[in-house]
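Here's the structure, in structure tokens; my notes come after.
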DNA sequence: CCTTTATTATCGGATTGTGATATTACAAAA
DNA sequence: TTTTGTAATATCACAATCCGATAATAAAGG
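Protein chains in written order, with our numbering: chain Y, 78 to 178; chain S, 78 to 178.
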């Protein structure tokens, strides 16, 4: 079910949060959990790496409480993708959900 | 880009249209094109087959103008998935797009 | 040291995505 | 009744992705 329909949603959530402030793995995992998306590390980290590899995010490791955390910031390309995603979401909403039409 | 974020959107569009009336390959391909989603037969048909295989759609072949067309209807499971998708879309909208918040 | 805790990394196999190409089946034309 | 045209669907092959399970890392506290 996640895979079938909602992994794109998850990626857009990630871009959105990264556009507000730097994020890191465990934090975004919990944030996604609050939205009902439960993904394990085997899905989460490859996804972050791919978003980075494809140029949507960039890494910025920091030491916090003695532990290294890989913070991610959104890139310009990521902002563009987020902007396009917003358009597509609006379209989807007006098509599929009547109340916003 | 399609693959990275929007294939779930495409599948939800398909479920939505199949919930309104029976659809078939070329028609939904053109309909998706109107929304800016261009997918070739190598993506479209396996996607339809998978949706059928997973129980979201069911086939109903008809002969139209002498040609066989595989019409697809949505199933109960498909309606459930569409309903869940609507919830997730609402959530995504209020989170990612301020004007609907 | 050893243990705990937080965080990130990797592995393996099944599934999926996709461009290119082939197939089907009927209609119309020859 | 063979050939040609055409709308629609099917398949192939290979790369990319998904994801549970498991491992690795590194610092803090004992």
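Note that the Cβ used here is the ideal one computed from N, Cα and C, for glycine as well.
On a predicted model such as this, the values are computed, not experimentally measured, just so you know.
- With respect to the 8 Å criterion, residue 132 of chain S and residue 154 of chain S are classified as neighbours on the basis of their beta carbons.
- DSSP, reduced to helix, strand and coil, places residue 151 of chain Y within a strand of the structure shown.
- Residue 135 of chain S sits in a strand when the DSSP states are folded into three classes.
- Residue burial annotation: residue 85 of chain S is buried, with at least 16 other C-beta atoms found within 10 angstroms of its C-beta.
- The straight-line gap separating the alpha-carbon atoms of residue 94 of chain Y and residue 158 of chain Y is approximately 13 Å.
- The alpha-carbon of residue 129 of chain Y is positioned some 44 Å away from that of residue 138 of chain S.
- Taking a beta-carbon distance threshold of 8 Å, residue 122 of chain S does not count as an interface residue toward chain Y.
- Listed along chain Y are 81 and 82, each with a C-beta nearer than 8 Å to that of residue 88 of chain S.
- In the DSSP assignment, residue 94 of chain Y falls within the alpha helix (DSSP H) that extends over 84-97.
- CA-to-CA, the gap between residue 134 of chain Y and residue 142 of chain S works out to about 51 Å.
- Per the coordinates, the alpha-carbon of residue 91 of chain Y lies some 29 Å from the alpha-carbon of residue 108 of chain S.
- In the DSSP assignment, residue 115 of chain Y falls outside any alpha helix (DSSP H) and carries neither an H nor an E.
- Sequence-distant Cβ neighbours of residue 123 of chain S in its own chain, meaning closer than 6 Å and more than five residues away, do not exist here.
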